[in-house]
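Numbering (this note's numbering), first residue to last: 9 to 307.
Working notes for the structure below.
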């Protein structure tokens, strides 16, 4: 079949006139191209890989070992021995690592605490919260904590031990999964549902105790309940023998910026007593800190 001079076939004409596939062909089931994947920020020319490796060396000490030889540091940091050796040497010269006397092991040095000190000193929220946390600790005689959300975990940024301190292993800088803690659950309850789901999807849902709730639906329900009550109560989930009640500190938009909690031993308190006597303390303190820092508090 010959073409009419100066004319294009209908299919070509449709493409030419619309600048792409015709409406008919789209309706017939042509699928759109999938959305481009979000670019990995590590692929940017601004990203310095050697800096990342330096922090991998420091994070090698996140585990239970307080000191390690070079081979173990390299393994924990997921680096080859040559790269690990150069970085360890550099950190030793700069004063962030030290050789343990009489051994081939390396350990962290107190110089790293300067970063923690700088953060805490610059954190105005901690400054505002200090008198309220101290007052609770003195009035109820129990341990009071303040935590901030970092990724999927809460980080202890302030801690006021009570008269009957039980969990001495927790200190400023300690971390726990947000979904497994009272303060974390309270913080999550004041975030959007999308943020809650994102954090839940990235959380390693392995139990910390025989009583840790790991079922996603139960965790979601617990966050919703905390949002309705204004506080969260957890028993034996992060630490055996511990009952914690927590509330969220919020900004002027009602969004959680931190959480505070009271931790008590199950040998001296029952969940009913904690809910009846201590829940109001964390709620009042959280609201007072929110107003003091941001000028408002909304439920």
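Each residue gets a CB set at the ideal place from its N, CA and C atoms; glycine is no exception.
Skipping 5 residues on each side, what residues in its chain have a beta carbon closer than 7 Å to that of residue i?
| i | result |
| --- | --- |
| residue 160 | 185, 186, 207, 210, 211 |
| residue 36 | Caution applies to residue 36, whose pLDDT of 46 falls short of 50 and renders its modelled position unreliable; the value that the coordinates give is listed next. None. |
| residue 251 | 243, 272, 274, 277, 279, 282 |
| residue 227 | 187, 208, 221 |
Here's the rule I'm using: 16 or more other beta-carbon atoms within 10 Å means buried, otherwise exposed. How should residue i be labelled?
| i | result |
| --- | --- |
| residue 246 | buried |
| residue 202 | exposed |
| residue 301 | buried |
| residue 256 | buried |
| residue 200 | exposed |
| residue 59 | exposed |
| residue 191 | buried |
| residue 111 | exposed |
| residue 96 | buried |
| residue 69 | buried |
| residue 298 | buried |
| residue 54 | exposed |
| residue 103 | exposed |
| residue 15 | With a pLDDT of only 46 at residue 15, under the threshold of 50, the placement of this residue in the model should not be trusted; the figure read from the coordinates follows. Under this definition residue 15 is an exposed residue. |
| residue 198 | buried |
| residue 178 | buried |
Taking the alpha-carbon of residue i as reference, which of the options has the nearest alpha-carbon?
| i | options | result |
| --- | --- | --- |
| residue 194 | 114, 253, 150 | 253 |
| residue 64 | 85, 237, 109 | 85 |
| residue 132 | 82, 288, 156, 213 | 156 |
| residue 239 | 216, 293, 205 | 293 |
| residue 196 | 152, 145, 233 | 233 |
| residue 144 | 269, 66, 284, 46 | 269 |
| residue 109 | 87, 136, 120, 76 | 76 |
| residue 83 | 103, 99, 61, 178 | 61 |
| residue 120 | 99, 130, 139 | 99 |
| residue 204 | 56, 231, 47 | 231 |
| residue 105 | 67, 189, 264 | 67 |
| residue 151 | 236, 126, 171, 101 | 171 |
| residue 264 | 288, 48, 235, 70 | 235 |
| residue 136 | 262, 284, 258 | 258 |
| residue 288 | 225, 48, 148, 126 | 148 |
| residue 169 | 130, 141, 219, 217 | 141 |
What whole-angstrom Cβ distance do residue i and residue j have, given they're in contact under 8 Å?
| i | j | result |
| --- | --- | --- |
| residue 78 | residue 91 | Not confirmed; about 11 Å, so no contact. |
| residue 115 | residue 89 | Not really, about 19 Å apart at Cβ, beyond 8 Å. |
| residue 162 | residue 267 | 7 Å |
Can you list, in chain order, the residues of its chain with a C-beta nearer than 8 Å to that of residue i? Leave out the 5 residues immediately preceding and following it.
| i | result |
| --- | --- |
| residue 180 | 124, 128, 164, 165, 166, 167 |
| residue 249 | 174, 273, 274, 275 |
| residue 291 | 238, 239, 255 |
| residue 215 | 222 |
| residue 134 | 128, 154, 165, 166 |
Would DSSP call residue i helix, strand or coil?
| i | result |
| --- | --- |
| residue 254 | strand |
| residue 219 | coil |
| residue 105 | strand |
| residue 55 | coil |
| residue 30 | Caution applies to residue 30, whose pLDDT of 46 falls short of 50 and renders its modelled position unreliable; the model cannot decide the point. |
| residue 111 | coil |
| residue 127 | helix |
| residue 62 | helix |
| residue 194 | helix |
| residue 9 | Confidence is the limiting factor: at residue 9 the pLDDT is only 43, short of 50, which leaves the residue's position unreliable, though a coordinate-based value still follows. Three-state result, residue 9: coil. |
| residue 308 | Any answer about residue 308 is impossible in this case: the structure gives the chain only from 9 up to 307. |
| residue 185 | strand |
| residue 4 | A question about residue 4 goes unanswered here, because the residues of the chain that appear run from 9 up to 307. |
| residue 168 | strand |
| residue 151 | strand |
| residue 273 | strand |
| residue 299 | helix |
| residue 265 | strand |
| residue 47 | coil |
| residue 177 | coil |
Note down, in chain order, each residue of its chain lying with its Cβ closer than 6 Å to the Cβ of residue i, except the 5 sequence neighbours on either side.
| i | result |
| --- | --- |
| residue 213 | 222 |
| residue 286 | 253, 270 |
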